[in-house]
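Protein sequences, first through last, are from chains X and G. According to our numbering, the stretch in the first sequence is residues 1 to 113, in order. According to our numbering, the stretch in the second sequence is residues 1001 to 1115, in order. Idealized CB from N, CA, C, for every residue including glycine.
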Amino acid sequence: NAGVMQNPRHLVRRRGQEARLRCSPMKGHSHVYWYRQLPEEGLKFMVYLQKENIIDESGMPKERFSAEFPKEGPSILRIQQVVRGDSAAYFCASSPQRGYEQFFGPGTRLTVL
Amino acid sequence: GQQVMQIPQYQHVQEGEDFTTYCNSSTTLSNIQWYKQRPGGHPVFLIQLVKSGEVKKQKRLTFQFGEAKKNSSLHITATQTTDVGTYFCAGIRIAGGTSYGKLTFGQGTILTVHP
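Next up, the structure:
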């Protein structure tokens, strides 16, 4: 059973470009969470999705950030018009049900030049 | 909103010494989870505590959940160099509402073990 998969593992973008981060949850998991982590800091919750629905997006910046988890295919975290402050590691996690342990992917390290 | 505070932020120990990290929530939790993240790696689930006053052990690791379900601790006995990493607690608020299931992470304790 493959774990949570994220791609790309490393992404470099210039200011103003778009970044698309993909996450495939573990098989059988329908709950997906996105977190952002700055160097030597904790994980900041961004958004919680369950197939085709956004359950909680209280951690998402109001502008430029969006997330989706379509019926088919991976969850996508999209950052439009990236700025240097968006540089961070973005982790995706999945769980089989609410409140259960979360399995994390390897993360996408985004660098904005 | 819910806040989870974790102390200390950094801890340096000599191999063989004990280590403890503490976690406090501003609100009562449904359960608390602990994760370990190795340098350059991703968080890995260690354990979940659900019951008030619960104590669980995993080899040299002892996890406690406070009676009021607002605080927790992780204690490592006789640290080894393989224990190096950042230890995070993460709380889930009381069940109910759209926020249930969302983990609120503490800032983490970065553990360095000197051989």
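The beta carbon of X:Ser87 sits closer than 8 Å to the beta carbons of Leu110, Thr111 and Val112 from its chain, once the five residues preceding and following it are set aside; these are given in chain order. Straight across, the Cα-Cα distance linking X:Gln102 with G:Ile1110 is about 21 Å. For X:Arg9, no chain G residue has a Cβ inside 7 Å of its Cβ, as the nearest lies near 11 Å away. Closer than 8 Å to the CB of G:His1042 there is at least one CB belonging to chain X. Taking the C-beta atoms as reference points, X:Leu43 is found nearer than 8 Å to X:Phe91. Interface criterion met: the Cβ of G:Leu1103 is under 8 Å from a Cβ in chain X. Between X:His31 and chain G, the shortest Cβ-Cβ separation is below 8 Å. Contacts with chain G (Cβ-Cβ distance below 9 Å) from the segment 82-109 of chain X involve Ala89, Phe91, Ala93, Ser95, Gln97, Arg98, Gly99, Tyr100, Glu101, Gln102, Phe103, Phe104, Gly105, Pro106 and Gly107, listed in chain order.
In terms of Cβ geometry, G:Gly1091 and G:Val1013 do not form a close pair [threshold 8 Å]. Under a criterion of Cβ atoms nearer than 7 Å, no residue of chain G is adjacent to X:Leu49; the nearest Cβ is some 11 Å distant. Taking the C-beta atoms as reference points, G:Leu1103 is found no nearer than 8 Å to G:Tyr1087. Using beta-carbon distances, G:Gly1085 does not count as an interface residue toward chain X, since no partner is under 8 Å. If you check the CB distance, G:Asn1031 and G:Asn1071 do not come in under 8 Å.
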